Amino acid sequence: MGKEKDLKKTALYEEHKKIGAKMVPFAGWEMPVQYANIIQEHLTVRNKAGLFDVSHMGQVFINGKEALNFLQKLVPQDISKLATEKAVYTQLPNIEGGIIDDLIIYKLDDCKFLLIINASRIDEDVKWLLSNQNNLDVSIDNQSDNLSMIALQGPLASDILVNLGLTKENHPRRFFIKKAKLLNIDVLLAATGYTGEDGFEIIVKNEEVCKLWVELLSKGEKFGLKPIGLAARDTLRLEAGLFLYGQDMTENTTPVEASLVWTISKDKKEDYSGKDKILSQMNQKNESKRLVGFKMLDKSIPRHDYRIYINNEDSGVVTSGGVAPFLGENIGLGYINTDKPTAIGTKIDIMIREKLHPAEIVKRPFYVKK
Amino acid sequence: MTTDMTKVLCTKSHEYFIKEGKSLKMGVTDFAVEQLGDVVFIELPEVDSSFKKGDIFGTIESVKAASELYIPVGGTVIEINEKVIEKPELINNDCFGEGWLIKVKDFNEAEVEEAMTYDEYKEFIEEEGH
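So the protein sequences, as listed, match chains X and H.
Residues 1 to 370 in this note's numbering are what the first sequence spells out, letter by letter.
Residues 1001 to 1130 in this note's numbering are what the second sequence spells out, letter by letter.
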């Protein structure tokens, strides 16, 4: 009981209560898990647009002349090639290549980068960043407690911003970030998200987020915009084949094992934490497990921690699983030992309540926006 | 058809049963359904299987999680509701009617007596602070 009292509340907490959100603990925060019906919320984002409070997530600014050099030592992506205002998805590997966190880095200018990190990992990440600061001319400015973030996601997200007075020419392109004014409020507007849809993540001071939230919901109403809780956020990200830190990757998985090879810059010259392990796994293909996506071939639902069987042998574990409401399938992500086949089309079984249920390895992402 | 709620008896684990002659019709309560949200999968036992009171007789899954179903009164399953397996949303729409789960015979009358009336069950939920 005492623990629940220690939960942090976002600046939008009272707004969520007002519109009847069901609140649950998540990563140390009391967050809206659903406002109405999870499946309806999911479909609203796929078909129209949804608004999410993701203020629990962390924002860390890396400032200074050596900001680029500092980040280059920490991530497998080659940040030196990043254009101003461009974003990149990457990870923070430890020296063994294990993923401390996954994150998006936004280049604001040559001497200023923004890191958006997972709520559950803010303390660990900041500790890691500080321990790598050494004598570099760089400051690590954790603004997580002062900034809020709301995500506007779905095919009508852009129209809603136009309706709010921000003309299309002033929207950031996909995977870019821009300084903008919404309702005369200064925001950082990023065309990124965690749903598989086009949309925006809006970073704004805590004091100003309520006005923006309320006004977005009201102006967006005629577009069908609805507030969306964490439960639908989870089904949306899974359907889009996106990973959840703490489940689909941890400090015990490398980016190669997590099938994130596409996010590793092969020709990056600089050393970075975990590089030896990551490159060796990538070049020799000697990782012992590999993340795959699968779909069930019967009506059963895979869940986190269920075992994966191949030819009646325990061969891996489900890390995320559930229903894919838009696709009408039951899907999952999991790790399979690489002494077993992991190719697309491989028939596998999921152990559910002591019975094997048939599934098949399929291409990710499960859902691709039209 | 609306259910006569005075005939509905409930357990603390949120299952209900209704006596229908020599058998009991069983399901999950409206409160359980509200807590679960959309039911997306249901697993029921084979006909002829027998359970003791409190045994797990099936699984109900919502978008969020899987929950076990505990049989409110022991007995032998004589019928399962095939329709809810095909359309689990029937449980959301009408848990006491079309969304029933199993029918059981050979039950112990004393176990029937132990259950709460629906009114008592509602009080129980309030006391639990739900």
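Where a beta carbon is used, it is the ideal one built from N, C-alpha and C, also for glycine.
From a predicted model like this one, the values you see are computed outputs, not experimental measurements.
For Thr338 of chain X versus Arg290 of chain X, is the C-beta distance shorter than 7 Å?
-> As a working mapping, residue 338 of chain X is identified with position 338 in the first sequence. As a working mapping, residue 290 of chain X is identified with position 290 in the first sequence. Cβ distance < 7 Å, so Thr338 of chain X and Arg290 of chain X count as in contact.
Can you give the beta carbon distance from Val60 of chain X to Ser148 of chain X, rounded, assuming they're within the 8 Å contact cut?
-> For the purposes of this step, residue 60 of chain X is taken as the residue at position 60 of the first sequence. For the purposes of this step, residue 148 of chain X is taken as the residue at position 148 of the first sequence. The Cβ separation is near 15 Å, so there is no contact.
Buried versus exposed, by CB contacts within 10 Å (16 or more), Glu1127 of chain H | Walking along the second sequence from the start, residue 1127 of chain H turns up at place 127. Burial check for Glu1127 of chain H: the Cβ neighbour count within 10 Å stays below 16, so the residue is exposed.
Quick one, which of X:Ile301, X:Thr195, X:Leu103 and X:Lys369 has its alpha-carbon nearest Leu230 of chain X's?
-> Translated into the one-based positions of the first sequence, residue 230 of chain X becomes position 230. Among X:Ile301, X:Thr195, X:Leu103 and X:Lys369, the Cα nearest to that of Leu230 of chain X belongs to X:Thr195.
Quick one: what does DSSP say Val1073 of chain H is sitting in, helix, strand or coil?
-> The residue labelled residue 1073 of chain H in the question sits at position 73 within the second sequence. The answer is coil: DSSP assigns Val1073 of chain H none of H, G, I, E or B.
Start-to-end residues for the beta strand (DSSP E) that takes in Met23 of chain X = The residue you call residue 23 of chain X lines up with position 23 of the first sequence. Unbroken beta strand (DSSP E) run through Met23 of chain X: Lys22 to Phe26.
Once you ignore the five residues that flank Trp1100 of chain H on each side, which residues in its own chain have a CB closer than 6 Å to its CB?
-> Reading the second sequence from its first residue, position 100 is the one you call residue 1100 of chain H. Around Trp1100 of chain H: Lys1025, Gly1027 and Asn1081.
Would you check whether the ligand COA has a heavy atom nearer than 6 Å to the C-beta of Gln40 of chain X?
-> Ligands in the displayed structure: none, and consequently the ligand COA is not present.
Which residues, in order along the segment 284-313 of chain X, keep a beta-carbon less than 9 Å from a beta-carbon of chain H?
-> Near chain H, meaning a CB-to-CB distance below 9 Å, the residues of the segment 284-313 of chain X are Lys299, Ser300, Ile301 and Arg303.
Answer with yes or no whether the minimum CB distance from Val323 of chain X to chain H is below 7 Å.
-> The count along the first sequence starts at 1 and reaches residue 323 of chain X at position 323. Interface residue, yes.
Given that a residue counts as buried once 16 or more other Cβ atoms are within 10 Å of its Cβ, and exposed if not, what is Asp1004 of chain H?
-> Position 4 of the second sequence, counted from the first residue, corresponds to residue 1004 of chain H. Burial state of Asp1004 of chain H is exposed, judged by a 10 Å Cβ sphere holding fewer than 16 other Cβ atoms.
C-beta contact flag for Leu217 of chain X and Ile185 of chain X at 7 Å | What you label residue 217 of chain X is simply residue 217 of the first sequence in a count that begins at 1. What you label residue 185 of chain X is simply residue 185 of the first sequence in a count that begins at 1. No. Outside cutoff.
List, in order along the chain, the chain X residues whose C-beta lies closer than 7 Å to that of Val1077 of chain H?
-> Within the second sequence, residue 1077 of chain H is the residue found at index 77, counting from 1. Neighbours of Val1077 of chain H on chain X: none; closest Cβ ~17 Å, over 7 Å.
Ile228 of chain X CB to nearest chain H CB: under 7 Å?
-> Here residue 228 of chain X corresponds to residue number 228 of the first sequence, with the count starting at 1. Any Cβ of chain H closer than 7 Å to the Cβ of Ile228 of chain X would place that residue at the interface, and such an atom is absent.
Mind pulling the chain H residues with CB within less than 7 Å of Ala231 of chain X?
-> The residue you call residue 231 of chain X lines up with position 231 of the first sequence. Residues of chain H with a Cβ closer than 7 Å to the Cβ of Ala231 of chain X are, in chain order, Val1063 and Lys1064.
Given Ile331 of chain X, which residues of its chain have a CB within under 6 Å of its CB, disregarding the five upstream and five downstream residues?
-> Within the first sequence, residue 331 of chain X is the residue found at index 331, counting from 1. Here the set comprises Lys295, Ala324 and Phe366.
Identify every residue that forms a DSSP beta bridge with Asn1010 of chain H.
-> For this step, residue 1010 of chain H is matched to residue 10 along the second sequence. The question names Asn, but residue 1010 of chain H in the sequence shown is Cys. DSSP output for Cys1010 of chain H lists H:Tyr1016 and H:Met1116 as bridge partner(s).
Comparing the C-beta of Phe1041 of chain H with each C-beta of chain X, is any distance below 7 Å?
-> Your numbering for residue 1041 of chain H matches position 41 in the second sequence. At least one chain X Cβ lies under 7 Å of Phe1041 of chain H.
Could you have a look at Asn1108 of chain H and say whether DSSP puts it in helix, strand or coil?
-> On the second sequence, position 108 is the one that residue 1108 of chain H refers to. DSSP places Asn1108 of chain H in coil when its eight states are reduced to three.
The beta strand (DSSP E) enclosing Ala87 of chain X, as first and last residue numbers | Working through the first sequence from its first residue, we reach residue 87 of chain X at position 87. Unbroken beta strand (DSSP E) run through Ala87 of chain X: Ala87 to Pro93.
Per DSSP, Lys1068 of chain H is paired with what?
-> Start at 1 with the first residue of the second sequence, and residue 1068 of chain H comes out as number 68. Checking the sequence shown, residue 1068 of chain H turns out to be Glu, not Lys. For Glu1068 of chain H, which the question treats as bridged, DSSP gives the partners H:Thr1059.
Taking the alpha-carbon positions, what's the Lys8 of chain X to Pro32 of chain X distance?
-> Stepping through the first sequence from its first residue, residue 8 of chain X is reached at position 8. Stepping through the first sequence from its first residue, residue 32 of chain X is reached at position 32. Going by the C-alpha atoms only, they are around 12 Å apart.
Round the Cβ separation of Thr319 of chain X and Asp234 of chain X to the nearest angstrom and send it over; I've been treating them as touching at under 8 Å.
-> Translated into positions along the first sequence, residue 319 of chain X becomes position 319. Translated into positions along the first sequence, residue 234 of chain X becomes position 234. Rounded, the Cβ-Cβ distance is 13 Å, inconsistent with contact.
Residues that Ile38 of chain X contacts on chain H, provided the C-beta gap is smaller than 9 Å = Position 38 of the first sequence, counted from the first residue, corresponds to residue 38 of chain X. By Cβ distance, chain H contributes Gly1037, Asp1038, Ser1062, Val1063 and Lys1064.
How about Leu156 of chain X and Ala49 of chain X: are their beta carbons less than 7 Å apart?
-> Numbered from its first residue, the first sequence carries residue 156 of chain X at position 156. Numbered from its first residue, the first sequence carries residue 49 of chain X at position 49. The beta carbons of Leu156 of chain X and Ala49 of chain X sit closer together than 7 Å.
How many angstroms separate the CA atom of Lys285 of chain X from the CA atom of Glu197 of chain X?
-> The residue you call residue 285 of chain X lines up with position 285 of the first sequence. The residue you call residue 197 of chain X lines up with position 197 of the first sequence. Cα to Cα, Lys285 of chain X sits roughly 32 Å from Glu197 of chain X.
Just confirm the distance between the C-beta atoms of Ile1085 of chain H and Ile1042 of chain H, as a whole number of angstroms; I'd bet it's less than 8 Å.
-> Against the second sequence, residue 1085 of chain H aligns to sequence position 85. Against the second sequence, residue 1042 of chain H aligns to sequence position 42. About 6 Å; that satisfies the 8 Å criterion.
Of all the alpha helix (DSSP H) runs that stay within the bounds of the segment 112-196 of chain X, which reach a length of 4 or more residues?
-> Within the segment 112-196 of chain X, the runs of alpha helix (DSSP H) at least 4 residues long that lie entirely inside it are, in chain order, 122-131 and 157-163.
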